[in-house]
Structure formats: structure tokens, C-alpha cells
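Reviewing the structure listed below.
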Amino acid sequence: MADPQVFDVFVVGAGPGGAAAAKRCAEKGLNTLLIEKKRLPRDKVCSGMVMGRWAAQTIEQEFGVIPRSVLTEPPLLAGHRFYVGEEEPTELKWPTALSWRKDLDFWLVQGALACGVQLKDGVRVAGMEREKAGCRILLEKEGLKEILRARCVIGADGAVSIVRRSLFPELKVRFSGPIRECYAGELGLEKDVFHWFFPKGQARPRFNVNHKGDVFLIEGSGLRELRKEIDELLSAHGFKPGSEPLWKDGCSIALLHEPLLAGRFTPALENVLLVGDAGGLILPITYEGIGSAIKSGLLAADAVIEHFEQPDKIAPAYLKSLKPLLDVIGRLLALQSGLKIAAEAGPRFLARALADAYEETLSIQERFL
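Residue numbers for the sequence shown follow our numbering, beginning at 14 and rising by one.
And the structure:
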């Protein structure tokens, strides 16, 4: 094993939250190491939408305007369309930037590296221990192990976070498992619209369809359950049931909203802070995670920076700064419960309620944060 090295900050996970946190720390002169288990650029199962003006404005403020080369074709969606049962689709006009996450995340990481962040990618975090003066982390790459030390750790390593498991090994986490199927060609659905389908007349299960370049994607947590409905609904738009996708993959979403709001789980402990999906901070209803990951990453970085400038307890400062974001999550959970009531009233009521709830989700951050 190599001799231990000491950093000011480890940031584990090179998604939007990790890139934002690492960039902010390095800009303030902190010796910052960004750790990513996959080689960059790496893909991630995600719609790739930068949803809400809040998310878009934060990215522009911190990293600049997203280059056209980072966006897909189409680069900008006109809005969303909701199909509930046999009701006429409901429209929500909302300009939304669209990307493949491998391109968006890599661009954000490049912005962090330009500010002095050091990067280790293709490296697995095999273990983490808190020490009196910081944290000790064990990295593993191609059978070789390395021990590094830092005074603070920001865990931005997603729903199945190793940092969260190291902090709270007894925490019971429920997961949702979205699946993505990518097919060659196109459907007879507008390419500049994100299409949401609710075939059972309920808010869930659901699936969505979107186009990116010369492919189209079918995504959702209920693809297996909704296979028959998917084939029936999309065959009217040119889909051939039984078609083999170019690829099929999936991811996990940590469902931590309830313990988070109830105080049974706090995304911080002493000098280790959790951001984005690792901290359970994904937004309900749309389950959009880019904006909340970046926002919480910046808040975590600010708490770390403040600690270095004026030594104090990091976790309480970070948790206090998260209060507005938790208020947003609580408000959206209430709206999510309201969708169940709308579904009981019938598809027409649910269709309208869905459009209203999505619009609220996309705009609520600006009023609360």
C-alpha cells in the first residue's frame, strides 16, 4: 500500500453534486480530491433533463452556459405531455435543456478540474473510517489498494452511497429501480416534447418516452408491470411490440424522504456530509435530482469552507442550510399525496392534477430557495 496522503476535502462521486462541491472547495483554495468509481466520461440512467429554472440558473451561475455540444438533438424540449388512461393528453409548456448525462456530467467535472480539483476516476471506495482529525479512506483499483486521508468528506455517490453506508450501517433504505430501454429510430411522437404515460389512471406506475438524436427511449420504474400497456399504447405511434432495444439498463433511487423529514435520518455526521441522492435529497413527483444535487453540493462545500476559515462543527451548519430544501421536499410530498386523491376522482382530474403538480415542482424551488 502507498503511504497515506492528506487532503483537505474528499468528494466521492463525480455527478453534478460532486462536481459542484469540489469546484466550490477548490475555488476557495482547499486541497480537493474528486473520486469516481467509473472511468469518465461515464453514463448514468437519467432523463438528462435540466428541469426547472432554478437548476438551469444554478448551473449557468456556477459553470457557465451549457455548450451546444453537451446537449442532444433536440437540445431544448418545449415541454411535457401527460397521457392518462383514454383522456386527451394534457400539455405543460416548459422549456427544458436535454442531454445525455455522460456528456453533461463530464462537462461539469471539466469545470471543476479547471479550478484545481484533483481527480481519481476508475477507483472504488472500498471503505471509510472517521478519525479524530478527519477521515481515512481506502481506495481500490485493479487489485491495488491505497489509503488516503482528508479532514472532511462530501458524499455525492448516489442512491447506493458507500459513504452513507459507512456513516449509518444500520439505516434501512427502500429503493425504486427505474429501467431504461433505448431503441434505434423514432416514434410518431413529437421529438421536442417529453411524453409521460399513466395507463392505469394512477400517478404510478408510469413510463415516459423521449427522443435523443437517432434513438428513442422508454423509461420508468414500472416497465415490467406495464409491458402490455406499453406495447398497446406505443404501437399506435409506430412501435413494434417485441422489438429488441439497442441496450437496456437501470439504476436505483433511494426513497429516504420519510425518515429525512421525520428526523430519523440526517445527511451529515461530524465532518462527513451527504448531498444529492446520497442524502435522500431527490425531489418527489418528477424525481429530478440534478438541481437538488448541485444545490446541496454547494451548501455542503460552503459548510466545509466555513469550517476551514473559522473552525466549528460542520454537520450542524450544513443541516441548518438544508432547511429550505427540506421544506421544498415536504411541500412536494404533500402534492404527491394529492395525486392519489385526484386519481380516485377519475383520469380527467388526475391529468390536470399531474400537469399542475409538475409545474409546481419545476417552479417551487425559486420561491423557497
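Glycine included, every Cβ here is placed at the ideal spot set by N, Cα and C.
Could I get the ranges of all uninterrupted alpha helix (DSSP H) runs contained in the segment 232–264, with 4 residues as the minimum, in chain order? When DSSP assignments are scanned along the segment 232–264, the uninterrupted stretches of alpha helix (DSSP H) that are 4 or more residues long and fall wholly within it turn out to be 240–248.
Pull up the DSSP beta-bridge partners for Phe211, would you. By 1-based counting over the sequence shown, the position of residue 211 is 198. For Phe211, which the question treats as bridged, DSSP gives the partners Val97.
In chain order, what are the residue ranges of uninterrupted alpha helix (DSSP H) at least 4 long that sit wholly in the segment 142–227? If we require 4 residues or more, the alpha helix (DSSP H) runs fully inside the segment 142–227 come out as 175–180.
Residue range of the unbroken beta strand (DSSP E) whose run includes Asp134: Within the sequence shown, residue 134 is the residue found at index 121, counting from 1. Counting along the chain, the unbroken beta strand (DSSP E) around Asp134 starts and ends at Gln131 to Asp134.
Restricting to Cα atoms, I'd like to know which of Leu84, Asp290, Gly147 and Ser309 is closest to Arg178. By 1-based counting over the sequence shown, the position of residue 178 is 165. It is Asp290 whose Cα lies nearest to the Cα of Arg178.
Does the distance from the C-beta atom of Pro191 to that of Val97 stay below 8 Å? Residue mapping note: residue 191 aligns to position 178 of the sequence shown, counting from 1. Residue mapping note: residue 97 aligns to position 84 of the sequence shown, counting from 1. No, these two residues do not count as a Cβ contact at 8 Å.
Do Ile307 and Gly30 have their C-beta atoms closer together than 8 Å? Residue numbering aside, residue 307 sits at position 294 when the sequence shown is read from its first letter. Residue numbering aside, residue 30 sits at position 17 when the sequence shown is read from its first letter. The criterion of a C-beta distance shorter than 8 Å is satisfied by Ile307 and Gly30.
Can you say whether Leu157 is buried or exposed, counting buried as having 16 or more other CB atoms within 10 angstroms of its CB? As a working note, residue 157 is residue 144 in the sequence shown. Burial is judged here by how many other beta carbons sit within 10 angstroms of a residue's own beta carbon; Leu157 has fewer than 16 and is exposed.
Indicate whether at least one CB of chain C lies closer than 8 Å to the CB of Leu151. No chain C is part of this structure, which consists of one protein chain only.
Look at the Cβ atom of Tyr371, then the Cβ atom of Ile298, and state whether they are nearer than 8 Å. To locate residue 371, count along the sequence shown from 1; it is residue 358. To locate residue 298, count along the sequence shown from 1; it is residue 285. Contact flag set, yes.
Excluding the 5 residues preceding and the 5 following Leu286 in the sequence, name in chain order all residues of the same chain whose CB lies nearer than 6 Å to its CB. Taking the sequence shown and counting its residues from 1, the one referred to as residue 286 is at position 273. Closer than 6 Å at the Cβ level, and outside the excluded window around Leu286, lie Ile167, Ala313 and Tyr331.
Determine, using beta-carbon pairs with one atom in the segment 52–69 and one in the segment 141–158, whether at least three such pairs fall under 8 Å. Taking one beta carbon from each stretch, the segment 52–69 and the segment 141–158 have fewer than 3 pairs nearer than 8 Å; the two do not touch.
If you run the structure through DSSP and keep just helix, strand and coil, what is Leu382? Numbered from 1 along the sequence shown, position 369 holds the residue referred to as residue 382. With a pLDDT of only 48 at Leu382, under 50, the local geometry of the prediction cannot be trusted, and the value read off the model is given with reservation. Coil, per DSSP.
Limits of the unbroken beta strand (DSSP E) element including Trp103: The residue you call residue 103 lines up with position 90 of the sequence shown. For the record, residue 103 in the displayed sequence is Thr; it is not Trp. From DSSP, the beta strand (DSSP E) with Thr103 extends over Thr103 to Ser112.
Taking the beta carbon of Ala107 as the centre, do at least 16 other beta carbons fall within 10 Å, making it buried, or is it exposed? On the sequence shown, residue 107 is found 94 positions in, with the first residue counted as 1. Looking at the sequence shown, residue 107 is not Ala but Trp. Classification for Trp107: buried.
Taking only runs that begin and end inside the segment 62–99, name each unbroken beta strand (DSSP E) of 3 or more residues, in chain order. 84–97, all fully within the segment 62–99.
Name the two residues that bound the continuous alpha helix (DSSP H) containing Leu338. As a position in the sequence shown, residue 338 is number 325, starting the count at 1. Lys336 to Ala358 is the extent of the alpha helix (DSSP H) around Leu338.
Contact set for Glu238: own chain, Cβ-Cβ below 8 Å, skip 5 residues either direction: If you number the sequence shown from 1, residue 238 lands on position 225. Around Glu238, the same chain offers Pro218 as residues with beta carbons nearer than 8 Å, after the five sequence neighbours per side are excluded.
Report the CB separation of Val186 from Leu269 in whole angstroms; it is logged as a contact under 8 Å. Residue 186 sits at position 173 when you count from the first residue of the sequence shown. Residue 269 sits at position 256 when you count from the first residue of the sequence shown. Yes, they are in contact, since the Cβ atoms of Val186 and Leu269 sit about 6 Å apart, within 8 Å.
Leu259 classed as buried or exposed, judged by whether at least 16 other C-beta atoms fall within 10 angstroms: Counted from its first residue, the sequence shown places residue 259 at position 246. Label assigned to Leu259: exposed.
CA-to-CA distance, Val138 to Gln123, given in whole angstroms: Residue numbering aside, residue 123 sits at position 110 when the sequence shown is read from its first letter. Residue numbering aside, residue 138 sits at position 125 when the sequence shown is read from its first letter. Going by the C-alpha atoms only, they are around 22 Å apart.
Span separating the alpha-carbon of Leu47 from that of Gln131: Taking the first residue of the sequence shown as position 1, residue 47 is located at position 34. Taking the first residue of the sequence shown as position 1, residue 131 is located at position 118. Per the coordinates, the alpha-carbon of Leu47 lies some 6 Å from the alpha-carbon of Gln131.
Mapping the DSSP letters down to three states, classify Phe278 as helix, strand or coil. In the sequence shown, residue 278 corresponds to position 265, counting from 1. Judged by DSSP in its simplified three-state form, Phe278 adopts coil rather than helix or strand.
Kindly indicate the opening and closing residues of the alpha helix (DSSP H) around Glu40. Your numbering for residue 40 matches position 27 in the sequence shown. Counting along the chain, Glu40 sits inside the alpha helix (DSSP H) bounded by residues Pro29 to Glu40.
Assuming contact is defined by CB atoms lying nearer than 8 Å, are Glu373 and Leu348 in contact in what I supplied? The residue labelled residue 373 in the question sits at position 360 within the sequence shown. The residue labelled residue 348 in the question sits at position 335 within the sequence shown. Note that the C-beta distance between Glu373 and Leu348 is below 8 Å.
Rounding to the nearest angstrom, what Cα-Cα distance links Gly233 and Ile175 in this structure? The residue you call residue 233 lines up with position 220 of the sequence shown. The residue you call residue 175 lines up with position 162 of the sequence shown. Cα atoms of Gly233 and Ile175: separation of roughly 25 Å, rounded to the nearest angstrom.
Under the three-state reduction of DSSP, which class applies to Gln323: helix, strand or coil? Reading the sequence shown from its first residue, position 310 is the one you call residue 323. Note: Gln323 maps to coil in three-state DSSP.
What does the Cβ neighbour count give for Phe229, buried or exposed, with the cut at 16 atoms within 10 Å? Position 216 of the sequence shown, counting from 1, holds the residue named residue 229. Burial check for Phe229: the Cβ neighbour count within 10 Å reaches 16 or more, so the residue is buried.
On the three-pair Cβ rule with 8 Å, is the segment 33–52 touching the segment 265–283? Contact annotation: the segment 33–52 does not touch the segment 265–283, with fewer than three C-beta pairs closer than 8 Å.
Anyone know if the C-beta pair for Leu338 and Ser376 falls short of 8 Å? Along the sequence shown, one-based indexing puts residue 338 at 325. Along the sequence shown, one-based indexing puts residue 376 at 363. If you check the CB distance, Leu338 and Ser376 do not come in under 8 Å.
In terms of alpha-carbon separation, which member of Gly276, Phe188 and Phe211 lies closest to Leu367? As a working mapping, residue 367 is identified with position 354 in the sequence shown. Check the Cα spacing between Leu367 and each of Gly276, Phe188 and Phe211: the tightest is with Phe211.
Would Gly28 be called buried (16 or more neighbouring beta carbons within 10 Å of its own) or exposed? If you number the sequence shown from 1, residue 28 lands on position 15. Buried: at least 16 other Cβ atoms inside 10 Å.
Does Asp262 pass the burial test, meaning 16 or more other C-beta atoms within 10 Å, or should it be called exposed? Counting from 1 along the sequence shown, the entry for residue 262 is found at position 249. Under this definition Asp262 is an exposed residue.
Please tell me whether Asp188 and Ile303 are closer than 8 Å, where the distance is taken between their beta carbons. Residue numbering aside, residue 188 sits at position 175 when the sequence shown is read from its first letter. Residue numbering aside, residue 303 sits at position 290 when the sequence shown is read from its first letter. Going by the sequence as given, residue 188 is Phe instead of Asp. Their beta carbons are not under 8 Å apart, which means Phe188 does not touch Ile303 by this criterion.
Would you tell me roughly how many angstroms separate the C-alpha atoms of Asn284 and Gly293, rounded to the nearest one? Mapped onto the sequence shown, residue 284 falls at position 271. Mapped onto the sequence shown, residue 293 falls at position 280. Taken atom to atom, the span from the alpha-carbon of Asn284 to that of Gly293 is near 18 Å.
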